[in-house]
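Chemist: A single structure is presented below for examination.
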DNA sequence: GCGACAG
DNA sequence: ATCTTGTCGC
């Protein structure tokens, strides 16, 4: 599929933050899709020995969760890991992987935060704006925000709050297991984001999209 | 100044 | 993220 927007990735730390402030204004935190037939999952891993990043994109049938298409890309890491500027390190190979994908999903689930970010523009929001598709940010740990432990029951959630603003949900996807951090990426409401993550996580802590992409990435990693 | 800090 | 080591639970 094709990108709806491009910008340089050759930026320094200060320029990257400025770009985030600018593009954050494009983020829409409301549902802007009707039916979802295909859901995409994204994951990136770092290969210590090749020194490269490996990105994987999987497309799943939203009803059966069957894999229908996938693509991987190995690329050099051109930006360091800096909390808050995560997307500038991980998105370049992810974008290349999406360009190899033929079908267009109606929803993308990302590994990393959406608007639960200092400048309200985490990796999920960044990818959503570049693809102009609904995206959900799904993190295993917190970047910013305060929250109370949600109930132990699956489906329970609490608000993730930053300076009095609700920026995401801490969602229990599995009874008694550590909750995950769900936030709006782009073109979706927080309530819909929670519903989709729950639907995509019928038996594990993380959504199937993330698990499938993670599995694919590790398969590639094992081959070098 | 000190601690926190998606992956 | 990745790597290691030790502990706990099924």
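Residue numbers (my numbering): -4 to 219. For every residue, glycine included, the Cβ atom is placed at its ideal position computed from N, Cα and C. Because the structure is a prediction, the values reported are computed rather than measured.
For residue 220, which three-state DSSP category applies?
Modeler: No statement about residue 220 is possible, as the shown extent of the chain runs from -4 to 219 and does not include it.
Chemist: Please report the distance separating the alpha-carbon of residue 33 from that of residue 102.
Modeler: Walking along the first chain from the start, residue 33 turns up at place 38. Walking along the first chain from the start, residue 102 turns up at place 107. If I take the Cα positions, the gap works out to 7 Å.
Chemist: When we look at the beta-carbon of residue 104 and count the other beta-carbons within 10 Å, is it buried (16 or more) or exposed?
Modeler: Against the first chain, residue 104 aligns to sequence position 109. Buried, by the Cβ-count rule.
Chemist: Find out if the Cβ-Cβ distance for the pair residue 181, residue 130 is shorter than 9 Å.
Modeler: Position 186 of the first chain, counting from 1, holds the residue named residue 181. Position 135 of the first chain, counting from 1, holds the residue named residue 130. In contact: residue 181 and residue 130 (Cβ atoms closer than 9 Å).
Chemist: Within 8 Å, do at least three Cβ pairs link the region 174 to 188 to the region 117 to 128?
Modeler: Counting Cβ pairs under 8 Å, three or more are found: they touch.
Chemist: Is residue 202 buried or exposed, if buried means 16 or more other CB atoms sit within 10 Å of its CB?
Modeler: To locate residue 202, count along the first chain from 1; it is residue 207. Residue 202 should be labelled buried.
Chemist: Regarding residue 16 and the ligand ATP, is the C-beta to nearest heavy atom distance less than 8 Å?
Modeler: In the structure shown, the ligand ATP is absent, as is every other ligand, since no ligand is present at all.
Chemist: I'd like the list of long-range same chain contacts for residue 42, defined as Cβ closer than 7 Å, with 5 residues on each side in sequence excluded.
Modeler: Stepping through the first chain from its first residue, residue 42 is reached at position 47. If we look at residue 42 and ignore the five residues flanking it on each side, its Cβ neighbours are 49, 216 and 219.
Chemist: For residue 175, which beta-bridge partners are listed by DSSP?
Modeler: Taking the first residue of the first chain as 1, we reach residue 175 at position 180. Residue 175 pairs with 166.
Chemist: Bridge partners of residue 151, per DSSP?
Modeler: Numbered from 1 along the first chain, position 156 holds the residue referred to as residue 151. DSSP lists no partner for residue 151.
Chemist: Count the CB pairs spanning the region 62 to 72 and the region 15 to 32 that are closer than 8 Å, and state whether there are at least three.
Modeler: Verdict: no, contact absent.
Chemist: Going by CA-CA distance only, name the one from 174, 47, 57 and 113 that's closest to residue 85.
Modeler: In the first chain, residue 85 corresponds to position 90, counting from 1. With distances taken between Cα atoms, residue 85 lies closest to 47.
Chemist: Where in the region 115 to 149 do unbroken runs of the alpha helix (DSSP H), each at least 4 residues long, occur, reported from the N-terminal end onward?
Modeler: 118 to 126, all fully within the region 115 to 149.
Chemist: Hey, quick one: how far does the alpha helix (DSSP H) through residue 183 stretch, first residue to last?
Modeler: For this step, residue 183 is matched to residue 188 along the first chain. Element bounds for residue 183: n/a, residue is neither H nor E.
Chemist: DSSP three-state label for residue 204, please.
Modeler: For the purposes of this step, residue 204 is identified with residue 209 of the first chain, where counting begins at 1. Helix.
Chemist: Within 10 angstroms of its Cβ, does residue 147 collect 16 or more other Cβ (buried), or is it exposed?
Modeler: For the purposes of this step, residue 147 is taken as the residue at position 152 of the first chain. When all chains shown are included, residue 147 counts as exposed.
Chemist: Which residue's Cα is closest to the Cα of residue 31: 135, 12 and 54?
Modeler: Within the first chain, residue 31 is the residue found at index 36, counting from 1. Per the Cα distances, 54.
Chemist: Grab the span of the beta strand (DSSP E) containing residue 55 for me, first residue to last.
Modeler: Against the first chain, residue 55 aligns to sequence position 60. Per DSSP, residue 55 belongs to the beta strand (DSSP E) from 47 to 56.
Chemist: The alpha helix (DSSP H) spanning residue 284 covers which residue range?
Modeler: Residue 284 lies beyond the residue range present for the chain, which begins at -4 and ends at 219; the question has no answer from this structure.
Chemist: Looking at C-beta atoms only, is the number of pairs between the region 105 to 116 and the region 160 to 179 that lie closer than 8 Å three or more?
Modeler: Taking 8 Å as the limit for Cβ pairs, the verdict is that the region 160 to 179 does touch the region 105 to 116.
Chemist: Please report the Cβ distance between residue 90 and residue -2, rounded to the nearest whole angstrom; I am assuming they are in contact, meaning their Cβ atoms lie under 8 Å.
Modeler: Walking along the first chain from the start, residue 90 turns up at place 95. Walking along the first chain from the start, residue -2 turns up at place 3. Yes, they are in contact, since the Cβ atoms of residue 90 and residue -2 sit about 7 Å apart, within 8 Å.
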